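First comes the structure, then the notes that go with it.
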């Protein structure tokens with residue numbers, strides 16, 4: 001059986017399926033005679049759940065840090081709350097109820113109380129109560145729980161989708177690959193699979209219905225082709241493909257230490273995108289020439305309160321020191337849209353992606369912005385820092401952000417706190433209005449970085465997570481390509497450099513076009529860096545300029561992508 005999805009992370013996988021199911025919990029009310037046995041059933045399930053959560057908490061603390069592990073600490077507190085479990089025991093005894101029904105009743109009562117609170121943080125705790133109660137209920141009812149942290153054999157994870165919690169807790173050493181029903185190249189699962197260097201195919205529609213635990217899975221994470229229980233001939237074919245892929249990885253490793261330069265001498269910078277200081281290890285392993293995007297929002301999202309200046313300073317310092325003098329682009333806080341903070345209440349908006357977020361929020365909540373800028377400038381003495389503002393749509397916003405930077409520098413100088421005078425200031429081009437006035441904006445920045453994920457979304461008016469219209473979300477759309485070319489041209493006329501930190505920067509079919517446009521810096525998932533270097537080193541800038549001109553004559557994204565498919569096949 002062949003299934004076609006979206007290749008999210010390269011690699012050839014031959015493995016055994018582990019289907020991560022969201023089994024529905026059906027609760028029925030039953031009259032019970034042996035009440036003590038029912039109370040024991042409840043307490044046994046609670047103790048099993050506690051043991052599991054302790055293991056998960058310890059693993060996450062070891063792998064990702066104490067702060068990330070605290071969500072599981074909160075789950076343990078729920079199970080240790082005498083009012084919560086005690087109330088369920090009382091219901092069993094006083095109303096002769098079955099354990100699962102009694103516990104579910106108590107859960108619903110507590111969830112209602114928390115969800116009705118005015119405080120956003122307390123409302124979020126309702127989700128913790130639901131999660132931990134469902135874990136206990138599954139044990140009472142004997143429903144299979146797949147503990148991703150306890151995987152002890154090599155498997156291919158098959159899921160409807162994988163949450164950040166799933167990828168944070170799973171035993172990565174035993175996960176050969178991901179297959180999911182939903183998602184695109186810019187979904188969380190896709191980005192995480194590339195960061196973790198685990199092959200993946202997403203957007204397979206109903207792979208969770210088609211695959212069963214133990215099925216033989218064979219797939220190509222580049223082409224997006226997946227087979228379930230293939231014959232031996234096809235397995236042998238993929239064994240050979242896997243051997244070729246591994247040989248290719250060894251060949252790519254030989255490119256470490258080399259420059260990213262076209263045959264006729266055009267030098268570009270290949271950098272990586274990261275979300276935490278720990279991701280620097282992956283950049284060094286893949287010979288990145290810098291950090292093109294450090295998404296600082298994860299520092300905020302993994303906290304129970306706004307991170308202090310000191311916490312931020314230590315994180316930024318760790319990245320700058322880890323990159324050992326190579327340039328590091330750190331994006332200022334970009335929350336809003338689909339990125340919320342449990343401890344910061346934001347009004348409900350009709351369209352949050354076009355609303356109160358990113359630089360708009362920072363320029364309104366200047367105390368939050370000021371704290372981050374102080375931490376950034378203090379850390380700047382430890383490396384080559386570049387500060388980047390997200391979601392700038394007008395000159396007024398850019399000038400206001402730069403003014404805040406100047407105020408912070410004046411403060412630090414007055415306090416005799418050291419900072420570097422060589423910090424470059426730049427902005428993301430992810431809104432069409434910014435691209436259109438990029439000739440004006442370029443006079444006021446040191447660099448641009450094009451965020452294609454949102455630029456495509458806003459230019460084409462397509463929600464990139466909406467499966468029904470995903471065919472319209474395409475980086476080869478001629479309007480998107482023309483905007484990118486315009487931005488690079490306008491920046492270069494002012495003597496400024498241009499990078500790209502969206503997913504398109506690491507796409508083999510996009511790189512030749514971007515080279516032809518004159519892009520100076522490509523920032524991508526670490527796993528894509530050496531492949532990009534090999535491609536860049538194999539072409540001439542002159543030929544890529546001709547190619548990009550030919551591409552822009554074509555009228556549809558489909559024609560352009562087909563043109564680039566032929567070009568890549570010829571390499």
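Numbering (full-length UniProt numbering), first residue to last: 1 to 571. Quick reminder that beta carbons are idealized off the backbone N, C-alpha and C, glycines included. Here the structure is a predicted model, which is why all the values come from computation and not from measurement.
{"Asked": "Helix, strand or coil at residue 273 according to DSSP, with G and I counted as helix", "Found": "strand"}
{"Asked": "Spatial neighbours of residue 229 in its chain, beta-carbon cut-off 6 Å, leaving aside the 5 residues before and after", "Found": "215 and 216"}
{"Asked": "Three or more C-beta pairs below 8 Å linking the region 185–204 and the region 1–8", "Found": "yes"}
{"Asked": "Opening and closing residue of the alpha helix (DSSP H) in which residue 16 lies", "Found": "Segment 12–20 is the beta strand (DSSP E) holding residue 16; no alpha helix (DSSP H) there."}
{"Asked": "Under 7 Å between C-beta atoms of residue 328 and residue 399", "Found": "no"}
{"Asked": "Expected contact under 8 Å - CB spacing of residue 442 and residue 494 to nearest Å", "Found": "4 Å"}
{"Asked": "Nearest candidate by alpha-carbon position, reference residue 171, set 181, 196, 160 and 179", "Found": "196"}
{"Asked": "Contact under 7 Å by Cβ, residue 475 with residue 568", "Found": "no"}
{"Asked": "Which listed residue (348, 255 and 369) has its alpha carbon closest to that of residue 309", "Found": "369"}
{"Asked": "C-beta atoms of residue 275 and residue 298 nearer than 7 Å", "Found": "yes"}
{"Asked": "Rounded separation between residue 496 and residue 514 - CA only", "Found": "16 Å"}
{"Asked": "Backbone CA spacing between residue 257 and residue 287 [nearest angstrom]", "Found": "7 Å"}
{"Asked": "Contact check, residue 202 vs residue 180, beta carbons under 7 Å", "Found": "yes"}
{"Asked": "Cα-Cα separation between residue 73 and residue 481, rounded to whole angstroms", "Found": "47 Å"}
{"Asked": "Residue closest to residue 512, alpha-carbon to alpha-carbon, out of 566, 490 and 526", "Found": "566"}
{"Asked": "Coil, strand or helix - residue 374 by DSSP", "Found": "helix"}
{"Asked": "Three-way DSSP call (helix, strand, coil) for residue 134 in this model", "Found": "helix"}
{"Asked": "Residue 501 versus residue 346 - alpha carbon distance", "Found": "27 Å"}
{"Asked": "Pairwise C-alpha distance: residue 246 and residue 148", "Found": "26 Å"}
{"Asked": "N- and C-terminal bounds of the beta strand (DSSP E) containing residue 574", "Found": "Look at the range of the chain in this structure, 1 to 571, and you will see that residue 574 is not part of it."}
{"Asked": "Residues bridged to residue 327 (per DSSP)", "Found": "384"}
{"Asked": "Beta carbon of residue 4 nearer than 7 Å to that of residue 224", "Found": "yes"}
{"Asked": "Cβ-based burial, residue 2 [other Cβ within 10 Å; buried from 16]", "Found": "exposed"}
{"Asked": "Selection from 449, 410 and 436 that minimises the alpha carbon distance to residue 426", "Found": "449"}
{"Asked": "Contact check, residue 424 vs residue 271, beta carbons under 7 Å", "Found": "no"}
{"Asked": "Residue environment, residue 38, which counts as buried when at least 16 other CB atoms sit within 10 Å", "Found": "buried"}
{"Asked": "Residues that residue 267 bridges to, as DSSP identifies them", "Found": "261"}
{"Asked": "Of the residues 204, 249 and 18, the one placed nearest residue 151, counting alpha carbons only", "Found": "18"}
{"Asked": "Sufficient close CB pairs (3 or more, under 8 Å) joining the region 340–355 to the region 316–327", "Found": "no"}
{"Asked": "Closest by C-alpha distance to residue 525, when choosing among 193, 486 and 142", "Found": "193"}
{"Asked": "Extent of the continuous beta strand (DSSP E) to which residue 7 belongs", "Found": "6–9"}
{"Asked": "CB-CB length for residue 588 against residue 98, believed under 8 Å", "Found": "Because the chain here runs from 1 to 571, residue 588 falls outside it and cannot be looked at."}
{"Asked": "Exposure of residue 538, with buried meaning 16 or more beta-carbon neighbours within 10 Å", "Found": "exposed"}
{"Asked": "Counted within 10 angstroms of its Cβ, other Cβ atoms place residue 279 as buried (16 or more) or exposed", "Found": "buried"}
{"Asked": "Residue 479 (DSSP reduced to helix, strand or coil)", "Found": "helix"}
{"Asked": "Nearest-angstrom Cβ-Cβ length linking residue 419 and residue 380, presumed shorter than 8 Å", "Found": "5 Å"}
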